[in-house]
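Participant:
2 protein chains.
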Amino acid sequence: MREPISADQAERLAPLLKALADPVRLRLVSIVAASEGGEACVCDLNDAFDLSQPTISHHLKVLHDVGLLDRSKRGVWVYYAVRREVLADVATLIGGNA
Amino acid sequence: MREPISADQAERLAPLLKALADPVRLRLVSIVAASEGGEACVCDLNDAFDLSQPTISHHLKVLHDVGLLDRSKRGVWVYYAVRREVLADVATLIGGNA
DNA sequence: CTCGGACATCGACAGTCATCAATATCTACG
DNA sequence: CGTAGATATTGATGACTGTCGATGTCCGAG
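Residue numbers (UniProt numbering), protein chains in the order written: chain A, 1 to 98; chain G, 1 to 98.
As structure tokens, this is what we get:
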């Protein structure tokens, strides 16, 4: 029976959840998080789905825009990495645990 | 570096997150969870927002449909309660903890 | 410099969503 | 029964979303 979250908190948390509230993006985050070194190349991510390359790129942009994924370009390839603290914060706020 | 979630898991988790991915619904869940006895009357929830009664009713329906809120009618009033196990499961899957 | 490949951006389209006003449903009370 | 209040449903509307094909941008190889 803790205090309800504030309207501000809700406004900040909602976009993060919205970004995660898609099967493709959930799997993207999950695959990246499970990858060696905690990061994955877009080329590999493309292969993991039956979707067009622009669509995957779009989903990655959504996740990156809300701060869930870090992006680093190395040569011709782009690598994404999960920002685990952000993910953990979301989980904590949802779970309502201390 | 655990295993990525399956496509099936993603398809099941996404609707729950989608239901939570709205500032109003986040606050609804939070207010209900923080209420005495773990449940809240719709009349009180209506007063907590600057939205029309049908809109609140709609949001409650969304949350109830995905199984995040329990619903019980007592007399003229309807009470909603948070299904904490469901919420906890979501948090766990997001956090990626065991 | 030019070419090819990796990734992003653009424009479009169909589908979904949040919100409201109006209306329906249900329940207690007289 | 008939009325009043609490909640749900309906229908409409403007905004947003996931997806694609086409195109743009950037980098390394030759």
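Cβ atoms here follow ideal geometry from the backbone N, Cα and C, with glycine treated the same way.
1) Do you know how far the Cα of G:S72 is from the Cα of G:S30?
2) If you compare alpha carbons, which of G:H64, G:R27, G:E85 and G:R74 is closest to G:D47?
3) Can the beta-carbon of residue 101 of chain G be found closer than 9 Å to that of G:V86?
4) Does the beta-carbon of G:R84 have 16 or more other beta-carbons within 10 angstroms, so that it is buried, or is it exposed?
5) With DSSP run on the structure shown, which of helix, strand or coil describes A:Y79?
6) Starting from A:S30, trace the alpha helix (DSSP H) both ways and give me its first and last residue.
7) Is the beta carbon of A:L17 sitting closer than 9 Å to the one on A:I94?
8) Give me, in chain order, the residues of the same chain whose beta-carbon lies closer than 7 Å to that of G:A98; leave out the 5 immediate sequence neighbours on both sides.
9) Strictly under 9 Å for the Cβ-Cβ distance: is G:P54 near chain A by that measure?
10) Go ahead and pull the three-state DSSP assignment for G:D8.
11) DSSP three-state call for A:D44: helix, strand or coil?
12) For A:R74, is the classification buried or exposed, using 16 other Cβ atoms within 10 angstroms of its Cβ as the cut-off for buried?
13) Counting only Cβ-Cβ distances shorter than 7 Å, please list the residues of the region 5-23 of chain G near chain A, keeping chain order.
Facilitator: From the atom records:
1) Computed Cα separation, rounded: 18 Å.
2) Ranking the options by Cα distance to G:D47, first place goes to G:R27.
3) No statement about residue 101 of chain G is possible, as the shown extent of chain G runs from 1 to 98 and does not include it.
4) By the neighbour-count rule (16 or more Cβ atoms within 10 Å), G:R84 is not buried but exposed.
5) Collapsing the DSSP output to three states places A:Y79 in a strand.
6) It spans P23 to A34 - the alpha helix (DSSP H) in which A:S30 sits, taken as one unbroken run.
7) Yes. Within cutoff.
8) Low per-residue confidence applies at G:A98: pLDDT is 39, beneath 50, and the placement is therefore not dependable, though the value from the model is reported in the following sentence. No residues qualify anywhere along the chain.
9) Closer than 9 Å: no.
10) Here G:D8 sits in helix by DSSP.
11) The answer is helix: DSSP assigns A:D44 an H, G or I state.
12) Of the residues assessed, A:R74 falls on the exposed side of the cut-off, its CB having fewer than 16 other CB atoms within 10 angstroms.
13) Result list: I5, A7, A10, E11, L13, A14, L17, K18, L20, A21, D22 and P23.
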